[in-house]
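Okay, structure first, notes after.
Residue numbers (our numbering): 36 to 188.
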């Protein structure tokens, strides 16, 4: 992964202080994947391995069962919580061209994670099901739009 070293540095710079402040561990669970687990939720910081440079911050409930990241709805991106709270986050998702852009994006994610993810890590988050519902509704609407497009073309 081309950004692996930069990603490790970014997580150390922006997410380690957050974990330390909460008294929670920050663990590297695989190349390009870190987690901050709590008894209630797990925050996953993952290097984006798609076509564009980037990273994701995801939340999921803690569970004694084995976690399957391919299970739809088992984890939600921090952007879902930002959007649920009525804030626009699309400006934070421009292309990352430089290492400085990557670090700035990580900083933005850490700020969003502290604001929207920490309540869940602490067991104080109350909107998990509502956020899941919003995501499901948007997904269903997107599928309907795609169907209309495909049937018209």
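A virtual CB, placed ideally from N, CA and C, is assigned to each residue, including glycine. If you're wondering where the values come from, they're calculated on a predicted model, not measured in any experiment.
Contact check for residue 88 against residue 110 fails: the beta carbons are separated by 8 Å or more.
Residues 46, 50, 69 and 92 of the same chain have their beta carbon placed closer than 6 Å to that of residue 80, with the five preceding and five following residues left out of the count. Ranked by Cα distance from residue 53, the options 166, 151, 170 and 176 are led by 151. The three-state reading of DSSP puts residue 55 in helix, counting H, G and I together. In the structure shown, residue 61 adopts coil according to DSSP, grouped into three states. Residue pairing by DSSP places residue 76 opposite 96 in a beta bridge.
The three-state reading of DSSP puts residue 71 in strand, counting E and B together. Taking the Cα of residue 162 as reference, the smallest distance to any Cα among 141, 115, 178 and 67 is reached at 115. Annotation: the continuous alpha helix (DSSP H) that includes residue 147 extends over 134-147. Distances from the CA of residue 90 to each of 121, 134 and 75 were compared; the closest alpha carbon is that of 134. Less than 8 Å divides the Cβ of residue 156 from the Cβ of residue 73.
Membership of residue 48 in the alpha helix (DSSP H) is indicated by the continuous run 39-49. With respect to residue 42, residue 82 sits close: the two C-beta atoms are nearer than 8 Å.
Closest option to residue 56, judged by alpha-carbon separation, among 159, 76, 112 and 153: 153.
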